[in-house]
Amino acid sequence: MAGRHEAPPATEGPLPLPPPGRFTAAADRLLALYDERPDPRVADRVVDAWLRAEAYRLYTWGTVTKLKDGGDVGASGSVNKVWWSELDVALHETALDLLGPEAELESRWLDGYTFSLSGPIYAGTNEIQRNIVAERILGLPREPKGAQK
Numbered sequence: 001m002a003g004r005h006e007a008p009p010a011t012e013g014p015l016p017l018p019p020p021g022r023f024t025a026a027a028d029r030l031l032a033l034y035d036e037r038p039d040p041r042v043a044d045r046v047v048d049a050w051l052r053a054e055a056y057r058l059y060t061w062g063t064v065t066k067l068k069d070g071g072d073v074g075a076s077g078s079v080n081k082v083w084w085s086e087l088d089v090a091l092h093e094t095a096l097d098l099l100g101p102e103a104e105l106e107s108r109w110l111d112g113y114t115f116s117l118s119g120p121i122y123a124g125t126n127e128i129q130r131n132i133v134a135e136r137i138l139g140l141p142r143e144p145k146g147a148q149k
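Counting from 1, one number per residue, gives the positions in the sequence shown under the working numbering.
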């Protein structure tokens, strides 16, 4: 099942977001891993990861088109950032679950998982991104300064 995606086009490099080829390639590797180690307990998560990677790829093409036509990403970039960072973690967690005890051995999947954990933090934490979405897209009021959860 692996290898369905072509190499990402050269236009992806300068975008202010991770290239979708990174996630579609990981999703293809996840499908190949599932073919090697089928486990019905994670089948839905494998499909979900693949679908989310495809959705990210399509969203990115829409973003490229918008930017090419003179638009800007605006606050929707915050939705995108939460999406891809959570996708990255989910892809790698699913692979590690398929690997079972072998997941603790050094591997591309373990390295990818370790790196994916930084995604929800760098480029503005996902909590900050969710606040931006709430305020600028949904029009919700700002959280009062000093408010504690």
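Where a beta carbon is used, it is the ideal one built from N, C-alpha and C, also for glycine. None of these values were measured; they are calculated from a predicted model.
Residue i versus residue j: straight-line alpha-carbon distance, rounded
{"i": "tyrosine 113", "j": "histidine 92", "result": "5 Å"}
{"i": "leucine 33", "j": "leucine 58", "result": "24 Å"}
{"i": "valine 46", "j": "proline 120", "result": "21 Å"}
{"i": "asparagine 65", "j": "glycine 71", "result": "With the sequence shown as reference, residue 65 is identified as threonine, and asparagine is not the correct amino acid for it. Threonine 65 and glycine 71: Cα-Cα distance of roughly 9 Å."}
{"i": "glycine 74", "j": "proline 18", "result": "16 Å"}
{"i": "lysine 81", "j": "tyrosine 56", "result": "10 Å"}
{"i": "glycine 146", "j": "threonine 125", "result": "18 Å"}
{"i": "aspartate 28", "j": "leucine 98", "result": "14 Å"}
{"i": "valine 79", "j": "proline 144", "result": "22 Å"}
{"i": "alanine 90", "j": "valine 42", "result": "11 Å"}
{"i": "tryptophan 61", "j": "leucine 31", "result": "23 Å"}
{"i": "glycine 96", "j": "lysine 68", "result": "For clarity, residue 96 is leucine in the given sequence; the question names glycine instead. Spanning the two alpha carbons is a distance of roughly 38 Å."}
Host alpha helix (DSSP H) of residue i (start-end)
{"i": "lysine 145", "result": "Lysine 145 -> no alpha helix (DSSP H), and no H or E assigned at all."}
{"i": "proline 20", "result": "20-36"}
{"i": "tyrosine 113", "result": "108-116"}
{"i": "tyrosine 56", "result": "43-68"}
{"i": "alanine 90", "result": "76-99"}
{"i": "arginine 130", "result": "126-132"}
Classification of residue i by the beta-carbon crowding that lies within 10 angstroms, buried from 16 upward
{"i": "arginine 142", "result": "exposed"}
{"i": "arginine 52", "result": "buried"}
{"i": "aspartate 111", "result": "exposed"}
{"i": "leucine 140", "result": "exposed"}
{"i": "serine 116", "result": "buried"}
{"i": "serine 118", "result": "exposed"}
Of the residues the options, the one placed nearest residue i, counting alpha carbons only
{"i": "glutamate 135", "options": "Ser76, Ser85, Leu96", "result": "Ser76"}
{"i": "alanine 25", "options": "Val133, Pro144, Trp109, Gly146", "result": "Trp109"}
{"i": "proline 20", "options": "Ala123, Asp88, Val133", "result": "Asp88"}
{"i": "arginine 22", "options": "Trp84, Gly62, Lys68", "result": "Trp84"}
{"i": "proline 101", "options": "Ala90, Val133, Arg37", "result": "Arg37"}
{"i": "alanine 49", "options": "Lys68, Val133, Asp39, Glu86", "result": "Glu86"}
Cβ of residue i within 8 Å of any chain B Cβ
{"i": "tyrosine 34", "result": "Protein chains in the displayed structure number just one, and chain B is not present."}
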